[in-house]
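Quick note on numbering: the sequence shown equals residues 1 to 133 in this note's numbering.
Remarks on the structure that follows.
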Amino acid sequence: MPIDIKFDEDRELLHITLSDTWPTLPEIVAERSRLILAGYLRPGIVELVDARNVKRGIPNLSQMKAILQAIGNVPIKRAVLVSSNIQFAAGRIAETLDPHGVRVFREESVAVEWLLHNRPTEKATPVTPAKLL
1 MPIDIKFDED
11 RELLHITLSD
21 TWPTLPEIVA
31 ERSRLILAGY
41 LRPGIVELVD
51 ARNVKRGIPN
61 LSQMKAILQA
71 IGNVPIKRAV
81 LVSSNIQFAA
91 GRIAETLDPH
101 GVRVFREESV
111 AVEWLLHNRP
121 TEKATPVTPA
131 KLL
């Protein structure tokens with residue numbers, strides 16, 4: 001599960017790039033905990049997950065439910081970039097499960113525009129690693 005993290009403090013944008021294989025639930029929980037402790041995941045942050053280079057392990061419905069439950073409600077908005085139809089279908093499952101917080105996109109510029117515009121004014125409750133479990 002190669003993963004690259006970039007954080008744009010000025011735009012409060014967390015950019016996560018995944019490649020090869022979608023991370024397992026324990027890997028996701030561990031990485032989210034690390035990001036929280038580093039101060040990258042906090043109220044007001046938006047997240048761009050670039051999964052265009054993921055080729056294996058795309059989550060099904062039950063896995064997507066578990067992932068969304070584990071990662072909680074921070075960030076307020078999360079855009080998922082995809083390149084294939086199967087990735088798009090998995091992203092649509094995430095949208096259905098979290099219709100206010102997740103959107104799937106094929107174009108990065110459109111995803112970033114959605115993330116940075118019309119941010120909710122109400123901040124989410126701070127998340128701690130213990131809340132992820």
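Glycine residues also receive a C-beta, built at the ideal position from the N, C-alpha and C atoms.
- prompt: At which residues does the alpha helix (DSSP H) containing Leu115 begin and terminate?
  reply: In the sequence shown, the residue the question calls residue 115 occupies position 115. 108–116 is the extent of the alpha helix (DSSP H) around Leu115.
message: Closest to Ile86 by C-alpha separation, out of Pro59, Ile76, His117, would be which residue?
response: In the sequence shown, counting from the first residue as 1, residue 86 sits at position 86. The residue with the shortest Cα to Cα distance from Ile86 is Pro59.
query: Given Tyr40, which residues of its chain have a CB within under 6 Å of its CB, disregarding the five upstream and five downstream residues?
result: What you label residue 40 is simply residue 40 of the sequence shown in a count that begins at 1. Cβ neighbours of Tyr40 beyond the five flanking positions: Phe7, Leu14.
- prompt: Which runs of the beta strand (DSSP E) spanning at least 3 residues fall entirely within the stretch 36–100, listed in chain order?
  reply: 46–56, 77–81
message: Can you tell me which residues form a DSSP beta bridge with Ile3?
response: Here residue 3 refers to the residue found at position 3 of the sequence shown. DSSP output for Ile3 lists Leu18 as bridge partner(s).
task: Starting from the C-beta of Glu12, find all residues in its chain whose C-beta is less than 7 Å away, skip the five residues before and the five after it, and write them out in chain order.
output: In the sequence shown, counting from the first residue as 1, residue 12 sits at position 12. By the criterion of a C-beta distance shorter than 7 Å, Glu12 is surrounded in its chain by Gly44, Ile45, Val46, once the five residues flanking it on both sides are discounted.
- prompt: Considering Arg103, what are the terminal residues of the beta strand (DSSP E) in which it resides?
  reply: As a position in the sequence shown, residue 103 is number 103, starting the count at 1. Arg103 -> beta strand (DSSP E) spans 102–105.
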